[in-house]
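Just so we're aligned, residue 11 is where the sequence shown starts under the working numbering, counting upward by one. Okay, so here's the structure we're looking at.
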Amino acid sequence: MPKLFIKTFGCQMNVYDSARMRDALSVHGFKETEEPDKADVILVNTCHIREKASEKLFSELGRLAQLKKKNALVVVAGCVVQADGAEILRRSKLIDIAVGPQNYHQLPELIAKYNRKNGRVIQADFPAESKFDYLPDPQKSSAAAFLAVQEGCDHFCSYCVVPYTRGCEYSRPMKEIVAEAKALVKAGAKEIMLLGQNVNGWHGDEGKDLGDVIREVAKIRGLKRIRYTTSYPSEMTQNLIDAHKDTPKLMPYIHLPIQSGNDRVLKAMNRQYTVKEYEKIVAKFRKVRPDIAISSDFIVGFPGETEAEFEDTLRLVERVGYASSYSFKFSARPGTPASLMKNQIPEDVKTKRLMKLQALLLKQQKAFNEATVGKEFDVLLTEKGKVRGQLVGYSPYLQGTVVKAPVKMLGEIVRVKVTGASATALKGEIVK
Ligand code: 5AD
Ligand code: SF4
11 MPKLFIKTFG
21 CQMNVYDSAR
31 MRDALSVHGF
41 KETEEPDKAD
51 VILVNTCHIR
61 EKASEKLFSE
71 LGRLAQLKKK
81 NALVVVAGCV
91 VQADGAEILR
101 RSKLIDIAVG
111 PQNYHQLPEL
121 IAKYNRKNGR
131 VIQADFPAES
141 KFDYLPDPQK
151 SSAAAFLAVQ
161 EGCDHFCSYC
171 VVPYTRGCEY
181 SRPMKEIVAE
191 AKALVKAGAK
201 EIMLLGQNVN
211 GWHGDEGKDL
221 GDVIREVAKI
231 RGLKRIRYTT
241 SYPSEMTQNL
251 IDAHKDTPKL
261 MPYIHLPIQS
271 GNDRVLKAMN
281 RQYTVKEYEK
291 IVAKFRKVRP
301 DIAISSDFIV
311 GFPGETEAEF
321 EDTLRLVERV
331 GYASSYSFKF
341 SARPGTPASL
351 MKNQIPEDVK
361 TKRLMKLQAL
371 LLKQQKAFNE
381 ATVGKEFDVL
391 LTEKGKVRGQ
401 LVGYSPYLQG
411 TVVKAPVKML
421 GEIVRVKVTG
431 ASATALKGEI
441 VK
């Protein structure tokens, strides 16, 4: 049986894509291995969002060059291939096959037909057919699974490569989503995270929105929890917000990236909302679900961002109160309008701003975690802890929670009383 090693960089969509590539290859007899030196096919799934992410491909290839079996096939997939396919083949002689995010259903065939003598292969177009029509049902699932319901983005934020790497927005039909969700539950999923670059822009069935998808998926017996990410603020519908009130399986957590707390910067970023409008949406969520955990992405040091404009972001954070967040220094990505803007911010200024913002966000995260001490809630145990005899799971608010439990309880939902909290995790005891 040929062995397959997969290394995944980047977002949850990439984790999902890697699982689908594994499934597609497993029906052709491949077995996944954790050991790259034993693999016959090595697959690296790449991320292009920021320069640092993109460069990780080459350090990984350097590592693999030392480890891999002499004749192992090296496949590179993902957004770096879509953006820079020819260039990465030039930069690394190690790569045999490069496949873009919309072509990976062709991977079994590309591998089967591959012959080194005929030269290396790159497949990175946007085919007319949907890859989803060609992929097998999920063969395996972790307790917390991902399911892509929407892909691509039509927003063209001025800093972002996603519209170029993932293409324009595509929504999968409801029927297809429900069928895949059922297959995931059958394969062991207790929780499903519905994924999309612009997930709340889902429009797969006439007259329906993501709120309807959630209510439909919630009907699946055996599925206990639903989440979704990532949402675009101005595309939030009341129907989706209301799902947080009427669908108990939908977890009280919303990732709602604002990027900046200043209207001029938002406009330069080509974000289609104002700070005030964003705060109104937050208030709507809190009205239907007062305990909801809110998270966001932030970019500091966007071209032309003044100190005062950066301070506006800090003020916004203080007003909203985030449960968790991701923040980044602006990275000038080739081909994006923002990379050509004047007034690029020096690296040291970006670093200072990022540190200041992260200190505030971490303080809020700690406060949010500490406020749950003494409470009881359900935790889905998904991973082994660092210490033997411990498992890690996720609270409804997506807080990592460490409990004492035997390995056989992995994949179970248990009632936990929170006994301690830090900025990054909770500690708890299983009750009952
Ligand atoms: N520079 C820095 N951060 C970026 N993001 C996207 N593009 C860039 C960039 N060029 C961030 C945004 C987005 C998250 C996934 O990555 O905050 O929401
Ligand atoms: Fe990128 Fe903006 Fe689309 Fe998000 S909404 S994927 S940041 S272009």
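Even glycine gets a Cβ: it sits at the ideal position worked out from N, Cα and C.
Nearest-angstrom beta carbon gap, residue j and residue i [assumed within contact, 8 Å]
{"i": "Val223", "j": "Met184", "result": "6 Å"}
{"i": "Tyr124", "j": "Leu83", "result": "7 Å"}
{"i": "Met11", "j": "Lys41", "result": "5 Å"}
{"i": "Pro118", "j": "Ala253", "result": "Contact flag wrong, Cβ pair sits at about 37 Å."}
{"i": "Val86", "j": "Thr56", "result": "6 Å"}
{"i": "Tyr283", "j": "Pro243", "result": "5 Å"}
{"i": "Val171", "j": "Thr346", "result": "6 Å"}
{"i": "Arg299", "j": "Pro262", "result": "5 Å"}
{"i": "Ile309", "j": "Gln269", "result": "5 Å"}
{"i": "Arg280", "j": "Ser152", "result": "Rather than Arg, the amino acid found at residue 280 in this sequence is Asn. In fact, because the Cβ distance is near 36 Å, the residues do not count as touching under 8 Å."}
{"i": "Thr240", "j": "His213", "result": "Rounded, the Cβ-Cβ distance is 16 Å, inconsistent with contact."}
{"i": "Lys396", "j": "Val417", "result": "Incorrect: roughly 14 Å between the Cβ atoms, too far for contact."}
{"i": "Lys234", "j": "Lys200", "result": "5 Å"}
Local Cβ density within 10 Å of residue i, reported as buried at 16 or more and exposed below that
{"i": "Ser432", "result": "exposed"}
{"i": "Asp143", "result": "exposed"}
{"i": "Val91", "result": "buried"}
{"i": "Lys103", "result": "exposed"}
{"i": "Lys196", "result": "exposed"}
{"i": "Ala293", "result": "exposed"}
{"i": "Gly438", "result": "buried"}
{"i": "Asp219", "result": "buried"}
{"i": "Glu161", "result": "buried"}
{"i": "Gln76", "result": "exposed"}
{"i": "Cys178", "result": "exposed"}
{"i": "Pro148", "result": "buried"}
{"i": "Met23", "result": "buried"}
{"i": "Lys62", "result": "exposed"}
{"i": "Phe166", "result": "exposed"}
{"i": "Val285", "result": "buried"}
{"i": "Asp358", "result": "exposed"}
{"i": "Thr316", "result": "exposed"}
{"i": "Asn379", "result": "buried"}
{"i": "Arg203", "result": "The question names Arg, but residue 203 in the sequence shown is Met. Result: buried."}
{"i": "Asp94", "result": "buried"}
N-terminal and C-terminal residue of the beta strand (DSSP E) that residue i is part of
{"i": "Leu205", "result": "201-205"}
{"i": "Val389", "result": "386-394"}
{"i": "Ala193", "result": "Careful: Ala193 lies outside any beta strand (DSSP E), inside the alpha helix (DSSP H) at 184-196."}
{"i": "Gly403", "result": "400-404"}
{"i": "Leu104", "result": "Leu104 -> no beta strand (DSSP E), and no H or E assigned at all."}
{"i": "Val131", "result": "131-133"}
{"i": "Lys17", "result": "13-18"}
{"i": "Val417", "result": "Counting along the chain, Val417 falls outside any beta strand (DSSP E), and DSSP gives it neither H nor E."}
Span of the alpha helix (DSSP H) around residue i
{"i": "Ile52", "result": "Element bounds for Ile52: not the alpha helix (DSSP H) but the beta strand (DSSP E), 51-56."}
{"i": "Tyr174", "result": "172-175"}
{"i": "Tyr26", "result": "22-36"}
{"i": "Ser432", "result": "Looking at the DSSP string, Ser432 is not in any alpha helix (DSSP H), and its letter there is neither H nor E."}
{"i": "Ala108", "result": "Note, Ala108: premise wrong, no alpha helix (DSSP H); beta strand (DSSP E) at 107-109."}
{"i": "His254", "result": "248-256"}
{"i": "Glu95", "result": "Per the sequence shown, residue 95 should be read as Gly rather than Glu. First-last of the alpha helix (DSSP H) with Gly95: 89-101."}
{"i": "Glu119", "result": "117-123"}
{"i": "Arg73", "result": "61-77"}
{"i": "Leu157", "result": "Careful: Leu157 lies outside any alpha helix (DSSP H), inside the beta strand (DSSP E) at 154-158."}
{"i": "Ile236", "result": "Note, Ile236: premise wrong, no alpha helix (DSSP H); beta strand (DSSP E) at 235-239."}
{"i": "Val475", "result": "Past the boundaries of the shown model lies residue 475; the chain is included only from 11 to 442, so the question cannot be answered."}
For residue j and residue i, the rounded distance between their alpha carbons
{"i": "Lys141", "j": "Tyr26", "result": "13 Å"}
{"i": "Gln110", "j": "Ala134", "result": "The residue you asked about is not Gln; residue 110 is Gly in the sequence shown. So the two alpha carbons sit approximately 4 Å from each other."}
{"i": "Ala80", "j": "Phe68", "result": "The sequence shown places Lys at residue 80, not Ala. Their Cα atoms are separated by approximately 19 Å."}
{"i": "Glu97", "j": "Val424", "result": "49 Å"}
{"i": "Ala108", "j": "Glu139", "result": "19 Å"}
{"i": "Gly221", "j": "Asn249", "result": "6 Å"}
{"i": "Tyr288", "j": "Lys297", "result": "14 Å"}
{"i": "Ile16", "j": "Cys89", "result": "16 Å"}
{"i": "Ile230", "j": "Glu186", "result": "14 Å"}
{"i": "Tyr407", "j": "Arg100", "result": "45 Å"}
{"i": "Asp50", "j": "Leu420", "result": "30 Å"}
{"i": "Lys442", "j": "Asp388", "result": "12 Å"}
{"i": "Leu71", "j": "Thr247", "result": "43 Å"}
{"i": "Asp273", "j": "Arg32", "result": "43 Å"}
{"i": "Val426", "j": "Asp307", "result": "29 Å"}
{"i": "Gly410", "j": "Lys376", "result": "12 Å"}
{"i": "Ala333", "j": "Val383", "result": "14 Å"}
Cutoff 9 Å: residue i Cβ touching any chain C Cβ
{"i": "Val292", "result": "Looking for chain C here will not work: only one protein chain is present."}
Runs of 4 residues minimum, wholly inside the region 306-377: which ones carry the alpha helix (DSSP H) assignment? Correct list: 317-330.
Segments of 4+ residues assigned as alpha helix (DSSP H) that fall wholly inside the region 252-286: 273-278
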